[in-house]
Amino acid sequence: MAKVYIVAAKRTPIGSFNGALKSVPAPQLAAVAIKAALEEANVDPANLDEVILGNVVGAGQGMGPGRQAAIYAGVPQEVPAYSLNMVCGSGMKAAMDAAAHIKAGDAELVVAAGAENMSQIPFCAPATIRDGQKMGSLSLDDLLISDGLTDVFNKYHMGVTAENVVAKVGLTREQQDNFALASQQKAVAAIEQGKFAGEIAPVEVTVRRKTSVVDTDEYPKADASIEGLAKLRPAFKKEGGSVTAGNASGINDGASAIIVASEAAVEKYGLKPLAEIESYAQAGIAPEIMGLGPVPAVIKALDKAELNIADIGLFEFNEAFAGQALGVLHELADELGTQVEDLAERSNVNGGAIALGHPLGASGNRIIVSLLHEMRRRGTEHGLATLCVGGGMGTAIVLKSV
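The opening position of the sequence shown corresponds to residue 1363 in the numbering used here, with each subsequent residue numbered one higher.
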């Protein structure tokens, strides 16, 4: 089977909701990450075969966010581009598509990216307005909630699916808050130690003719405490609930990009591989426990790579919710005969989405970028990134250092 490599991996800083990046549309955020990745690998954009962008809520962004991102990044108009939506898995699915196209012989050099500006997701009038509003009040739908954060089959918020996982696995509020605090502490420490500097592409933001540079993740809470987390009320299940704003991921803005290359492209263009994409997998489960989607996806990806869970030196689990991430750790430990503590020790070593944020279309790609950079820093041979997907799915990808 043809080998597939990652030759560059960059991301923007992640902005808070209505924060530093609120004025930069998702395609332009993606362009920053794409351009930085191209420059990092010294890739001539004219040699690209295609650009793939994961993006969840495309409404209001204009035609073809993927094409926009490519053109804004300086990719020649002769290079095609497209967007895809696999909800939270979109940015990772872009990488999987890129690898699949290369393995099939349809491409040699592909940009796979993900982006979301959740601050710019619009409100919209109901579709029935096209027939005319004869009488009565007219309400607007928040597409951030309806298209980004609501399970369409059960008509409830993603937070309720996290409560379902918490109940299924038997997790406590204390466990979730402790997990959330650890994520914040690890992310703050990583920022202070400059660990993200090599993966972040700064974003220039111009507001009222004044330009500033955003080069640091905005969302982590240096003042987070277990006492503060314990005071927060359940956000999604008022009676007996345990999922709060403090132990859930944020609503954020950001983008990420990797460059995926065939072995032939590496040789032809003199590229330096950072990691090999050993395997990737996707899986489906019940929508109401969508947070456990990584469990079957990880098992499939490990089987395809002919690896055991013990072979993986580092994990990046997207922290949609603390209860969801803990649920995955517990279920994987049960399925694969290992200890939860052992998995947790190797997971999200620089914090995760609870601290850094979860810009929907970008997150699956962002965790690949962060995983790859930490693998190289530590000299880790095998790493795995995975995330749950709204609607009841999971995706996973296994990397091998080169």
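Don't be surprised by glycine CBs; every beta carbon is placed ideally from N, CA and C. Every value quoted in this text rests on a predicted model; they were computed, and no experiment measured them.
- Counting only the Cα atoms, alanine 1687 lies some 17 Å from isoleucine 1674.
- In its chain, beyond the 5 residues on either side, Lys1548, Ala1552, Lys1557 have a beta carbon closer than 6 Å to the beta carbon of asparagine 1712.
- Unbroken alpha helix (DSSP H) stretches of 4 residues or longer found wholly inside the stretch 1637 to 1717: 1656 to 1667, 1684 to 1698, 1702 to 1707, given in chain order.
- Counting along the chain, alanine 1469 sits inside no alpha helix (DSSP H), nor does DSSP assign it H or E at all.
- Looking at the backbone, the Cα of glycine 1603 and that of arginine 1595 are separated by about 9 Å.
- With distances taken between CA atoms, methionine 1448 lies nearest to Gly1510 out of Ala1421, Gly1510, Gly1422, Arg1728.
- The three-state reading of DSSP puts arginine 1535 in helix, counting H, G and I together.
- Contact between glycine 1685 and valine 1605 holds: CB atoms are separated by about 6 Å, below the 8 Å threshold.
- It is roughly 10 Å from the alpha-carbon of glycine 1422 to the alpha-carbon of proline 1387.
- For arginine 1373, the pairing in a beta bridge is given by DSSP as Ile1562, Ser1618.
- Taking a contact as a CB-CB distance under 8 Å, the pair serine 1611 and isoleucine 1716 counts as one, their CB atoms being some 5 Å apart.
- When secondary structure is reduced to three states using DSSP, serine 1385 falls in the coil class, being assigned neither helix nor strand.
- Residue pairing by DSSP places lysine 1583 in no beta bridge whatsoever.
- Excluding residues up to 5 positions away in sequence, Thr1374, Leu1391, Ala1392, Ala1395, Ala1477, Ala1724 lie with their Cβ nearer than 6 Å to the Cβ of alanine 1617 in the same chain.
- At the C-beta level, methionine 1480 and asparagine 1680 stay beyond 8 Å of one another.
- Exclusion of the five residues before and after serine 1574 leaves Val1567 as the residues of its chain whose Cβ lies within less than 7 Å of its Cβ.
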